[in-house]
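Numbering (the working numbering), first residue to last: 13 to 100. A quick write-up on the structure given underneath.
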């Protein structure tokens with residue numbers, strides 16, 4: 013049986029792994045879309061690396077958006093050169 017502290021440490025480790033995976037694949041300044049609280053989907057760029065907030069949520073800060081957003085609501089977009097249909 014695991015203790016509450018052990019379960020919390022495991023949960024935090026999973027969140028950190030999600031942040032590490034995002035950060036390895038996407039640099040600060042990466043183009044993303046985010047689902048806002050209103051349900052609107054907005055295109056923006058990252059202004060920070062993803063990080064675990066207070067041990068309970070993987071978050072990232074975004075350009076032009078106040079506060080941080082849950083990483084699960086952020087979707088990386090393809091680079092502009094491939095999005096426009098030009099060769100990579």
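All C-beta atoms in this analysis are idealised placements derived from N, C-alpha and C, irrespective of residue type, glycine included.
field: Assigned secondary structure, residue 70 (DSSP; H/G/I helix, E/B strand, else coil)
entry: The sequence position of residue 70 within the chain shown is 58, counting from 1. DSSP places residue 70 in strand when its eight states are reduced to three.
- request: Under 8 Å by Cβ, that's how I've got residue 35 and residue 62 pegged, so tell me the actual separation to the nearest angstrom.
  value: The residue you call residue 35 lines up with position 23 of the chain shown. The residue you call residue 62 lines up with position 50 of the chain shown. That belief holds up - the Cβ atoms of residue 35 and residue 62 are roughly 6 Å apart, short of 8 Å.
task: Note down, in chain order, each residue of its chain lying with its Cβ closer than 6 Å to the Cβ of residue 22, except the 5 sequence neighbours on either side.
output: To locate residue 22, count along the chain shown from 1; it is residue 10. Here the set comprises nothing.
message: On the CB-based measure, 16 or more other CB atoms within 10 Å of its CB, does residue 57 come out buried or exposed?
response: Residue 57 sits at position 45 when you count from the first residue of the chain shown. Residue 57 comes out exposed.
- prompt: Quick one: what's got a C-beta closer than 7 Å to residue 47's C-beta in the same chain, skipping five residues either side?
  reply: As a first step, residue 47 must be located in the chain shown, where it is residue number 35. Excluding sequence neighbours, residue 47 sits near 53, 85.
Backbone CA spacing between residue 55 and residue 13 [nearest angstrom]: Within the chain shown, the letter at position 43 stands for residue 55. Within the chain shown, the letter at position 1 stands for residue 13. Between residue 55 and residue 13, the C-alpha separation is close to 44 Å.
- prompt: Closest by CA to residue 51, which one among 81, 25, 59?
  reply: Stepping through the chain shown from its first residue, residue 51 is reached at position 39. Of the candidates 81, 25, 59, the one whose C-alpha sits nearest the C-alpha of residue 51 is 81.
- prompt: Which residues share a DSSP beta bridge with residue 2?
  reply: This structure leaves residue 2 out entirely; the chain is present only between 13 and 100.
- prompt: beta strand (DSSP E) containing residue 87: first to last residue?
  reply: Counting from 1 along the chain shown, the entry for residue 87 is found at position 75. Here the beta strand (DSSP E) through residue 87 covers 86–88.
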